[in-house]
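Enquirer:
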Amino acid sequence: MGLLTGEALWTLAVAVAVFLLLVDLMPQAALRWSARYPPGPMPLPGLGNLLQVDFQNMLHSFNQLRLRFGDVFSLRLVRTPVVVVNGLAAVHETLVYRSNDTSDRPPMPVYKHLGFGPHSEGLVLARYGHAWREQRRFSLSTLRNFGLGKKSLEQWVTEEATCLCAAFADHEGRPFSPNALVSKAVSNVITSLVFGRRFQYDDARFRKLLDLMEQGLKEETGFLREVLNLVPALLQIPGLAAKVFEGQKAFMAIMDELITEHRVARDPAQPPRDLTDAFLDEVEKAKGNPESSFNDENLRMVVSDLFSAGMLTTSTTLTWALLLMIVHPDVQRRVQQEIDEVIGQVRPPEMGDQARMPFTMAVVHEVQRFGDIIPLGLPHKTSRDVEVQGFLIPKGTMLITNLSSVLKDETIWKEPFRFYPEHFLDAQGHFVKPAAFIPFSAGRRSCLGEPLARMELFLFFTRLLQRFSFSVPEGQPRPSDHPVYALLATPAPYQLCAVPR
Numbered sequence: 003m004g005l006l007t008g009e010a011l012w013t014l015a016v017a018v019a020v021f022l023l024l025v026d027l028m029p030q031a032a033l034r035w036s037a038r039y040p041p042g043p044m045p046l047p048g049l050g051n052l053l054q055v056d057f058q059n060m061l062h063s064f065n066q067l068r069l070r071f072g073d074v075f076s077l078r079l080v081r082t083p084v085v086v087v088n089g090l091a092a093v094h095e096t097l098v099y100r101s102n103d104t105s106d107r108p109p110m111p112v113y114k115h116l117g118f119g120p121h122s123e124g125l126v127l128a129r130y131g132h133a134w135r136e137q138r139r140f141s142l143s144t145l146r147n148f149g150l151g152k153k154s155l156e157q158w159v160t161e162e163a164t165c166l167c168a169a170f171a172d173h174e175g176r177p178f179s180p181n182a183l184v185s186k187a188v189s190n191v192i193t194s195l196v197f198g199r200r201f202q203y204d205d206a207r208f209r210k211l212l213d214l215m216e217q218g219l220k221e222e223t224g225f226l227r228e229v230l231n232l233v234p235a236l237l238q239i240p241g242l243a244a245k246v247f248e249g250q251k252a253f254m255a256i257m258d259e260l261i262t263e264h265r266v267a268r269d270p271a272q273p274p275r276d277l278t279d280a281f282l283d284e285v286e287k288a289k290g291n292p293e294s295s296f297n298d299e300n301l302r303m304v305v306s307d308l309f310s311a312g313m314l315t316t317s318t319t320l321t322w323a324l325l326l327m328i329v330h331p332d333v334q335r336r337v338q339q340e341i342d343e344v345i346g347q348v349r350p351p352e353m354g355d356q357a358r359m360p361f362t363m364a365v366v367h368e369v370q371r372f373g374d375i376i377p378l379g380l381p382h383k384t385s386r387d388v389e390v391q392g393f394l395i396p397k398g399t400m401l402i403t404n405l406s407s408v409l410k411d412e413t414i415w416k417e418p419f420r421f422y423p424e425h426f427l428d429a430q431g432h433f434v435k436p437a438a439f440i441p442f443s444a445g446r447r448s449c450l451g452e453p454l455a456r457m458e459l460f461l462f463f464t465r466l467l468q469r470f471s472f473s474v475p476e477g478q479p480r481p482s483d484h485p486v487y488a489l490l491a492t493p494a495p496y497q498l499c500a501v502p503r
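With the working numbering applied, the sequence shown corresponds to residues 3 to 503, in that order.
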C-alpha cells in the first residue's frame, strides 16, 4: 500500500509538472504558430529566452539575433513577451507611425522598493495616459518659463561653462579624468532649473549625490535586476531589494532632503523660483482633485527624473566628445580653427554662432551618433494589437527599439563604426542632418530635454575647445573609443591634458 501511495504521489507530481509546463508553453506556442508573429529563438520552459540574452551587453545579443531572425524578432523573458525592432524603417514605423499604440511603458516592479507608489509615475517610466500627458505638458511649459530656448538660460549655461573651464585650468596641464568635473557642470544646469541654485564643485553633498547616481546607474543593469523585474515575487525576500539597489535608495534620500529644504525656504506669496516651486503651486491647486497627478509623491519622481536623465545623457556625451578630440587631434584643430574664425578667443560662444559653424555642428552631431549612448532606448509596450513591417504584435507586448541599429546602419552611414564628422556635411560643406539621426529617440516619448541638451552640448563643447587644446598624456597609450555598456554606453576610463590656448 505504501508503494502504491508512493507511485501515486510520483504520478501526481509528474502530472502537475506536465500541466505547469503546458500552461507555460501554450501561450508562446500559440504565438509562434501564428504566421504573422515575429520569429525568434525557441524559449525554454519557465525561463523563456532569459539565458540567451547577455544582460551586460544586450546590444550584442540583439544584433546577433537580428542576423538570424531579421529586423523584427521576438523573445520571451520568463513570461513576458518581447519584440525587438531594428533598422530605420521598422523603428520609425513603431515610434512615429504607430506611436498612439506603442507609447506605453511596461510595468517596472523593481521601482517599488524606492517607495514609488501608484501616484508617483514621474515622466520617464510613466504609463502612457492622463498623468504622463499632464506631467509632460507641465515640464515643457515650466522649463520654457524658466529659460529653455531663451537667452537667460543660455547665459546660465555660458557661466557654468566658464566655471568648468576654471576647474580644468586648475590642473595646469597635468593629466586628469574629466568625467567628474563635466558631471558637476551639467548637473548645475539642471539644478538651476529644478532647484533655482548651483552647487560649488567641492560641495560634499553634491559630490555624494553624483557618486550615488553613478552607483545607481550600475545597479540598473545586469541579470539579477532583470530577474527581479520579471519575477517581482523575489522582491519580497527580506533585505534583497535594499542590497541590490542600495545606491538608488541613498540617491532618493538626498533628493528628498533637497525637496524638503526647498519647501521650507519657499515663500508661497512670491512667484515660483524654479520648477519645484511651480510643481508645489500645482499641488495646492490640485487638492481635492483625485484625477490630478500633482501630488507630493509624484514631485520627488518628476524631480529625480529630470535630474538623472538631464545630467547623465549630456555629461556622458561630453565625455565622449573630449575623448574623441584627443583620439582625433586633426578634427580638434579644425574645430578650433572654425571657432577662431567665427567667435575668436575672447567672446564666449553663443547659440547664434551655430549657423556659421557647420564643421563644429557636424562634430557635435557625430559625437552623438558615434557615442550612441542609449543604444536600446527605453522599453515601450503596446496598448493594443499593432502591425509593424507586416508582423502582428499583440497588445501588452514589451517593445525594445534598437536605436543603435539606426545610428550605425551600414546602408545609411558611409563609415558607421568610425568617427566621421563628414556624415553631417554635404558636398559643399554645409551642415545636414539625416533622418537616421535619432539619439533622442522619436515619436511621442522622445526626450523632452532635447532642446536643453543641444544647447549644453554646443556651448560647453565650443567653450572648452576655445580655451584649451586637449591631448593624450605623455607616456600613456592612446585611449580606446570602444564603449563600456551598462544602462548607457560610456567611454572606458581615460585621462587627458588640458593646455590653455
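Here a beta-carbon is modelled for each residue, glycine too, at the ideal position from N, C-alpha and C. Please read these numbers as outputs of a predicted model, since none were measured by experiment.
Could you say which of 148, 313, 327, 337 lies nearest to residue 182 if we only look at CA atoms?
Expert: Of the listed residues, the one whose Cα sits closest to residue 182 is 313.
Enquirer: Any idea if residue 102 is buried or exposed, counting beta-carbon neighbours within 10 angstroms, 16 or more meaning buried?
Expert: A residue is called buried when at least 16 other Cβ atoms come within 10 angstroms of its Cβ; residue 102 does not meet this threshold and is exposed.
Enquirer: Could you check which residue in 207, 473, 439 has the C-alpha nearest to that of residue 176?
Expert: 473
Enquirer: If you follow the beta strand (DSSP E) that residue 87 is part of, which residue opens it and which one closes it?
Expert: The continuous beta strand (DSSP E) containing residue 87 extends over residues 82-87.
Enquirer: Excluding the five sequence neighbours on either side, which residues of its own chain have a C-beta within less than 7 Å of the C-beta of residue 61, listed in chain order?
Expert: 377, 378, 406, 487
Enquirer: Which residues does DSSP list as the beta-bridge partners of residue 471?
Expert: Answer by DSSP bridge pairing, in chain order: 501.
Enquirer: Relative to the alpha-carbon of residue 197, which residue among 64, 311, 260, 447 has its alpha-carbon at the smallest distance?
Expert: 260
Enquirer: Report all residues from its chain with a CB closer than 7 Å to the CB of residue 502; omit the five preceding and five following residues, and keep chain order.
Expert: So the qualifying residues of the chain are 171, 469, 470.
Enquirer: Compare the Cα-Cα distances from residue 144 to each of 278, 421, 346 and report the closest residue.
Expert: 278
Enquirer: Whose C-alpha, out of 139, 416, 42, is nearest the C-alpha of residue 76?
Expert: Comparing Cα positions, the closest option is 42.
Enquirer: Apart from the five residues on each side of it in sequence, which residues of its chain come closer than 6 Å, Cβ to Cβ, to residue 395?
Expert: 85, 384, 388
Enquirer: Given a cut-off of 8 Å, decide if residue 74 and residue 92 are closer than it, judged by their beta-carbon atoms.
Expert: yes
Enquirer: What's the gap between the Cα of residue 157 and the Cα of residue 264?
Expert: 24 Å
Enquirer: So, with DSSP's three-state summary, where would you put residue 491?
Expert: strand
Enquirer: Taking the beta carbon of residue 125 as the centre, do at least 16 other beta carbons fall within 10 Å, making it buried, or is it exposed?
Expert: buried
Enquirer: Provide the residue span of the beta strand (DSSP E) that contains residue 389, from first to last.
Expert: 388-390
Enquirer: What does DSSP give as the partner residue(s) for residue 403 in the beta ladder?
Expert: 87
Enquirer: Within the continuous alpha helix (DSSP H) that includes residue 256, where are the two ends?
Expert: 248-267
Enquirer: Can you give the Cα-Cα distance for residue 477 and residue 349, rounded to whole angstroms?
Expert: Taking the straight line joining both Cα atoms gives about 35 Å.
Enquirer: I'd like the list of long-range same chain contacts for residue 89, defined as Cβ closer than 6 Å, with 5 residues on each side in sequence excluded.
Expert: 73, 407
Enquirer: First and last residue of the beta strand (DSSP E) that includes residue 129?
Expert: Where residue 129 is concerned, there is no enclosing beta strand (DSSP E), given that its DSSP letter is neither H nor E.
Enquirer: What are the partner residues of residue 395, as DSSP defines its beta bridges?
Expert: DSSP output for residue 395 lists 388 as bridge partner(s).
Enquirer: Does the structure place the stretch 242-257 close enough to the stretch 212-230 that three or more beta carbon pairs sit under 8 Å?
Expert: yes
Enquirer: Spatial neighbours of residue 452 within its chain, please: C-beta separation below 8 Å, excluding the five flanking residues on both sides.
Expert: 442, listed in sequence order.
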